[in-house]
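A short write-up of the structure that comes next.
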Amino acid sequence: MSESRGTRAWRWLREHAVNIVAALVVVYLLLPIAVILLFSFNNPQGRYNYTWVGFTLDHWAHAFSRPELNEALVTSLKLALLATAVSTIVGTMMALALVRHKFRGRRLANFLIVIPMATPEVVMGAALLSFFLIIGTFSLGFETLLIAHVMFCISFVVVVVRSRLIGFDRSLEEAARDLGADPFETFRLVTLPLIMPGIFGAAMLAFALSIDDFVISNFNSGTTVTFPLYIYGASQRGIPVEVNVIAMILFSVTVAAMGFATWQQRRAEKMASVRPEQEEAPMMPMPGTAAAQ
Amino acid sequence: MRRRIVPYFLLGPGTIWLVVFFVIPLYYMAKLSLESGVVGSLEFNWHWANYSEALSAYDTQFVRSFYYAGAATLLALLISYPLAYAIAFKAGRWRNLMLFAVVAPFFTTYLIRTIAWETILSDESPVTEFLHTIGLAPSGHILATGPAVIAGLTYNFLPFMILPIYASLERIDVRLIEAAKDLYSSAGQAFWRVTLPLSAPGIVAGTLLTFIPAAGDYVNAQFLGGAGNRMIGNVIQSLYLSQADYPSAAALSFVLMALIMIAVVVYIRFAGSEALMGEEAR
Amino acid sequence: MVSSENKQRRSAAVVAVLVAMATLALGLAACGGSSGIEGGGGEEREAPQVKLEGKPSGSLTISNWPLYIDKGTVPAFEKATGVKVNYIEDINSNEEFFNKMQPLLAKGESGGRSIFVLADYMVVKMHKLGYLQEFDKSGLQEVENNLVESLRSPQFDPNRDWTVPWQSGMTGIIVNKEKAPDVHSICDLFNPKYKGKVDFLNEVREAVPLVMKCEGVDPNQATEADWMKAIEKIKGAAESGQIRRFTGNDYARDLTSGDAVAVMGWSGDAVQLQADNPNLEWRMPTEGCMLWSEDMVIPVGAPNPTAAQAWMNFVYKPEIQANIAEYVNYVTPVEGVKEILAKREPALAENQLIFPSASFTKKCSGTPVLEGEEEQKVIKAFDAVLNG
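Chains as they are written, first to last, in the numbering used here: chain A, 1 to 293; chain B, 294 to 575; chain C, 576 to 963.
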C-alpha cells in the first residue's frame, strides 16, 4: 500500500512530534545561558553590558580583578560550604530516623520538613528577619545568613537522602550482621558507603541552593554581601562583565561536579542493587535503571 | 533502651534547628503583625487593623500574583510534560544526558538568568522583533509588561515541574501501555487513559512546587516587569526593606501564606492527594 | 504489639524532647527585645562629640554610593597619611541603607564604618535619632577654607557641625536626542507619543516635586494637597502605560538598550551614558530641576574618627577634589576646582553640569522638607503607585 508523500510526512511529524517539542524546549532552556556566555565576551565601552559592542577575552583573562566581586564570591563560597556541611549532616541524620525507625511524632516530623519547602521564600526571609530584629541577639550578617541557609537546606537534604534510603537493599546489612558486625560497624562499613552517593547528591543540592540564594539572603544579610547580593546591587549601576565570566565558571564547575556525582552514583548503584520501583524522585537526575531499558 | 532513643537523637538537631529558626520566627512575625508604631518603639497591642489594611490596600497585587503564578504554572506544565515524556519514554540511552541538560541551566545564578531574559526580551532584540512580526507582541514591547513577568516565572520554575513529572512517568510500567494498545486503543487513547492518569501524582507535585514559590516571587516582577506589574512579593519586600513598616509587612506575609494554603488545600481536595508526603519504610 | 511499659518509656522520651525544645524557645524569647526594634520609644540623645587623637593612623572604613569617586583618591590618601582605607560602595538607596544600619545604630554601633555618605534628608533623620557625631572643627581646616559659599549654612545644619557635603547634583531629564528630540520639560514626559518608553524615578522626594513643577507648584511651598495631586497625576500615567517603570539608577539600562527614550535622571550620569550611546544627553527641564546634596557624616560608634576627619579634610583640597570632579561629573562643593580643571580640561570647566552658573539653575529647587504625618501619608500614597 503506497502512501502519499503528504501522509508520510504527517506520520513522521506525529511520531516525532514529542521529540521535536522536547528539542525546542531544550533550546528554550539553554537560551539565557547562551546569552550569558555571549555577553561574557562583550567589550562594552561604558558601564552597561546590555548591547553587543565587540569581542574580547580581556574579562576572562582578568575575571578576578574586582576586589569587591571577589570578596562577595568568597563570602558566598564560605557560606555555602559551611551551610552544606551542617545541613547535610543534620539532614542525613533526620532521613535515617524517618526511614529506618518507627516512632511517635513521625508524621509531625515529616510535616515539619515539608513545610519550609512549601513556604514562599519571601515569607521565610521576612519571618527570619522579624525574629532576628526582635530578639536582637544575633547581629545581621554572616551568622544570620548561615542560620538561614542551613534552615532552608535541611528539608532538601532530607528529601534526597530519604529517597536513596528507601530503595536501599537491607539484605546487605543483614549479611554484615550475620557475619558478626555490630550495628555501629555495619553502619560505618556497609550502609554509609552505599548511601554516600545520595548524601553527596544532597550535599551538592544544598551547596547549589545556598550559593544561589537571593531572596532569603536579601532580608537577612545586614551589610554582608554575597555573590547574588553583589549582582543585585550592581544591577542598579551596571553589572560588570566579570560577573558573567564568574557565573559561567560557577556553572561549569557545578556541571562538572554533578557529572562526577552521577558517575559515582552509577557505580554505587551497581554495588547496591537498588530496586527501581521503590525510587521516589529526588531533585537530582537519577540514572535510569538498567532493568527498564 | 538505646534502640528507643536512637531516632530522637538522630532527629533532634534538625528538628531543633527547624523549630527555632523556622517555626519560632513565624511566631515572632505573627507577633510583629499585631504591633503598631514606629521602628524603635513598636508596641504589641493586638492591632488587627494591620490585616484589614493589608487586604484592602493590596488586593490588586494579590489577585495579580495569583494570576501570574497560575499562568506560569500552566505554561510550565504544558512545556514540561512533552519534555518529561520524551525523556522518560523516548530517550533511551540519552536519558541521563537529557535530564542533565534540563537541570544544568539552573546552575547559573537566578538573578543573572533573569537579567539575561531582560536582554533577550528587550524592545530591540531579535526575539522581540520576531514575536512582533508573527503577531504575538502587538505593542512592540514585551519587557515591562505582565507577559514578560509570566515568561520569567515560567522559565525559572521549570525544573520544579519537569522533575516530578519525569519521576512519575518513569515509574509507569510500560507493559500497561502495551496492554492498552493490545486491547485496540490508539496511541492517543492509551495516553489519555493510561499514561496521563498514572502520571497524576507527578503533575500534582509539580504544580504545587511551581505555584507556591511563584506566587511569592518578586525578582521576576522587579527585573522583567514595569509599572503596574508588581506582585505581592514586591510589596512585602519594599515594606520590609525600604519603608521599614514591619507590622504591615508581617501581616501581609501571613495573608499571603494563608491564601496559598487555602488554594493548595482546595487543589489537593480536587486533585487527590498522593505522594506528597513521601513514602515511608516498610 | 508494644508493651505498655515500652509505650510509657516512649511517651516519656517524647515529652522530654518537647520540654527541651519549649525551654529553648522560651529562653530565646526572653532574651533580647531591648536591643531590637521594640521598646518604649526613642529618646533624644545628646550628640556625641568626635575626639581627635593626634595624627591619623590605623584603618578607616567608608560607605559610599557606587561610582562616586575616582580611582586615584583612595591610594593618594593612604600614601599621604598612612591610614589603610576600606572603601565600600554598598549604599544603593537611602532608605535601604538606613533600614540595614538602624538596628546597629540604635545600639550605638556603626557596623565598623566611620563615614556614611547619604542624602540631606536622610542625615537629618539620623541626626534627629541621635545616630551621628558632631565634629571637632579644629581638624577640618580645609573644609572651613574651601567649602563653597552657597553650601556653608544650610537650614538643617547652619554651622556644618555634623555634615560635610560630598557632592551635589541636579535631577532633570535624560533623553535620547535621536528618538525623542522634542522632550524638553517634565510635562513633555507625559506626551503619549512616548508611551511605554518613559521611566520615572522611584524617589518620592525627586519624582513628585518634579511633577509638581510641571503643574506650576513650587515644591518648597507645597501643601499636602499639592503632593497628593501630583501623585495622582503620576498614578494616571502609570496606569495608562505611559510610564514604563519606576527606577533608581537602572533607568540607564533602559536608555542604553533603547527600551526608554526619555527619563528623569541625574546630571552626573550623563557623561557616563554618552560613552555607551552618544545620542544620550542630560537636559535641564524648562520648569527647572531638583538640586540635592549628599553629605559625609560620622555615625555613633565609628572607629577611628580621627582618620575620618582627616579624610574629609583631604578630599577638600582643591587638587584632590579636581580629580574626583573630573571622574564623577557632579557639582563639586569645593572652591578653586574650576580653575584647576580649566588648565587641564577646559571643556570640563565650562560644563554646566559640573559648574552650573546661577542662571542655569535659577529655576531649580532644593529638596523639600517632608516630616511627620505628612511624610507618612505622602510616602504611603507614592509607594502605592510604585507597587502598582
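By construction, the Cβ of each residue, glycine as well, lies at the ideal position given by its N, Cα and C atoms.
Should the segment 500-518 of chain B be called in touch with the segment 438-452 of chain B, which here means at least 3 C-beta pairs below 8 Å? These segments touch.
C-alpha distance - VAL890/C paired with LYS788/C, whole-angstrom precision: Those two C-alpha atoms are separated by around 35 Å.
Run the CB neighbour count on SER685/C, radius 10 Å, all protein chains shown included, and call it buried at 16 or more, exposed below. So SER685/C ends up on the buried side.
Give the secondary structure of ASP732/C by DSSP, where H, G and I count as helix, E and B as strand, and everything else as coil. In the three-state reduction of the DSSP assignment, ASP732/C falls in the coil class.
Run through the DSSP bridge pairs and tell me what MET865/C is partnered with. For MET865/C, which the question treats as bridged, DSSP gives the partners THR746/C and SER940/C.
Which residues, taken in chain order from the segment 166-185 of chain A, show a beta carbon closer than 8 Å to some beta carbon of chain B? For the segment 166-185 of chain A, residues whose beta-carbon sits nearer than 8 Å to a beta-carbon of chain B comprise ILE166.
Cβ shell of TRP52/A (< 8 Å), same chain only, five flanking positions each side left out: Beyond the five residues adjoining it in sequence on each side, TRP52/A comes within less than 8 Å, by CB distance, of LEU38, PHE39 and ASN42 in the same chain, given in chain order.
For the alpha helix (DSSP H) that contains ASN766/C, what are its first and last residues? Element bounds for ASN766/C: n/a, residue is neither H nor E.
I'd like to know whether the C-beta of LEU776/C is nearer than 9 Å to at least one C-beta of chain A. Not one chain A Cβ lies under 9 Å of LEU776/C.
So ALA397/B contacts chain A; which residues on that side make the cut at Cβ distance below 7 Å? Those are VAL255, listed as they occur along chain A.
Taking C-beta to C-beta, are ARG388/B and ALA377/B nearer than 9 Å? Cβ distance not < 9 Å, so ARG388/B and ALA377/B don't count as in contact.
Length of the line joining the Cα atoms of PRO921/C and ASP757/C: Between the alpha carbons of PRO921/C and ASP757/C lies a gap of roughly 29 Å.
Segment limits, alpha helix (DSSP H) that includes ILE135/A: Per DSSP, ILE135/A belongs to the alpha helix (DSSP H) from 121-135.
Taking DSSP's pairing of strands, which residues face LYS839/C in a bridge? Reading the sequence as shown, one finds Met at residue 839/C and not Lys. Answer is ILE748/C.
Compute the Euclidean distance between the alpha carbons of VAL912/C and SER345/B, then round it to the nearest angstrom. Rounded to whole angstroms, VAL912/C to SER345/B spans 56 Å at the Cα level.
Between ALA564/B, LEU348/B, ASP416/B and PRO306/B, which has its C-alpha nearest THR88/A's C-alpha? For the residues ALA564/B, LEU348/B, ASP416/B and PRO306/B, the minimum Cα distance to THR88/A belongs to PRO306/B.
Spatial neighbours of ASP466/B within its chain, please: CB distance less than 8 Å, with the 5 preceding and 5 following residues excluded, ordered by chain position. Within the same chain, no Cβ atom closer than 8 Å to the Cβ of ASP466/B is found once the five residues on either side in sequence are excluded.
Does the pairing of the segment 343-358 of chain B with the segment 144-163 of chain A give three or more beta-carbon distances under 8 Å? Segment contact: the segment 343-358 of chain B against the segment 144-163 of chain A, fewer than three CB-CB distances shorter than 8 Å; contact not assigned.
The segment 530-544 of chain B: which residues have C-beta closer than 9 Å to a C-beta of chain C, in chain order? If you check each beta-carbon in the segment 530-544 of chain B against every beta-carbon of chain C, the ones closer than 9 Å belong to SER531, LEU532, TYR533, LEU534, SER535, GLN536, ALA537, ASP538 and TYR539.
Is the Cβ-Cβ distance between ALA507/B and PHE450/B less than 9 Å? Note that the C-beta distance between ALA507/B and PHE450/B is below 9 Å.
Would you report the Cα separation of VAL395/B and ILE496/B, rounded to the nearest angstrom? C-alpha separation (whole angstroms): 17 Å.
Any 3 or more C-beta pairs closer than 8 Å across the segment 113-128 of chain A and the segment 212-220 of chain A: Yes, since at least three Cβ pairs between the segment 113-128 of chain A and the segment 212-220 of chain A fall closer than 8 Å, the two stretches touch.
Quick check: the Cα distance between VAL313/B and ALA118/A, rounded to an integer number of angstroms? Distance between the alpha carbons of VAL313/B and ALA118/A: 18 Å.
Taking the alpha carbon of ILE435/B as the point to measure from, which residue in PHE302/B, ASN522/B, ALA544/B and LEU304/B has its own alpha carbon closest? Its Cα nearest to that of ILE435/B, the residue ASN522/B stands out among PHE302/B, ASN522/B, ALA544/B and LEU304/B.
Residues that DSSP places opposite GLU328/B in a beta bridge: Beta-bridge pairing links GLU328/B to PHE337/B.
Taking DSSP as the reference, what is the three-state secondary structure of SER432/B? Annotated three-state conformation of SER432/B is coil, per DSSP.
Along the chain, where does the beta strand (DSSP E) that runs through LYS659/C open and close? Looking at the DSSP string, the run of the beta strand (DSSP E) that includes LYS659/C is 659-663.
Kindly say whether CYS606/C, judged by its beta-carbon, lies nearer than 9 Å to any beta-carbon of chain B. The predicted model places CYS606/C with a pLDDT of 43, which falls under 50 and marks its position as unreliable; any figure quoted below should be read in that light. For CYS606/C, the answer is no, since every Cβ of chain B falls outside 9 Å of its Cβ.
For chain C, check one thing: does any of its Cβ atoms lie closer than 9 Å to the Cβ of SER235/A? Chain C, which has a Cβ nearer than 9 Å to the Cβ of SER235/A, makes this yes.
If we call anything under 9 Å between Cβ atoms a contact, is VAL255/A one with ALA397/B? Taking C-beta atoms as the reference points, VAL255/A and ALA397/B count as a pair closer than 9 Å.
Okay, do the segment 875-894 of chain C and the segment 699-715 of chain C touch, 3+ Cβ pairs below 8 Å being the bar? Yes: at least three Cβ pairs fall under 8 Å.
Taking Cβ-Cβ distances shorter than 7 Å, what residues in chain B pair up with GLY136/A? Listed along the chain, the chain B residues whose CB falls inside 7 Å of the CB of GLY136/A amount to none; the nearest CB is some 11 Å away.
Using a Cβ-Cβ distance under 9 Å, would ARG523/B count as near chain C? Cβ-Cβ to chain C under 9 Å: yes for ARG523/B.
So THR942/C packs on MET865/C, CB below 8 Å; how close in whole Å? Contact flag correct, Cβ pair sits at about 7 Å.
If we cut at 9 Å on Cβ distances, does ARG212/A have a partner in chain B? According to the sequence provided, residue 212/A is Asp. The question's Arg does not apply to it. For ASP212/A, the answer is yes, since a Cβ of chain B falls inside 9 Å of its Cβ.
Please identify the residue among GLY816/C, VAL773/C, GLY647/C and ALA651/C whose C-alpha is closest to the C-alpha of ILE761/C. Residue VAL773/C is the option with its Cα nearest to ILE761/C.
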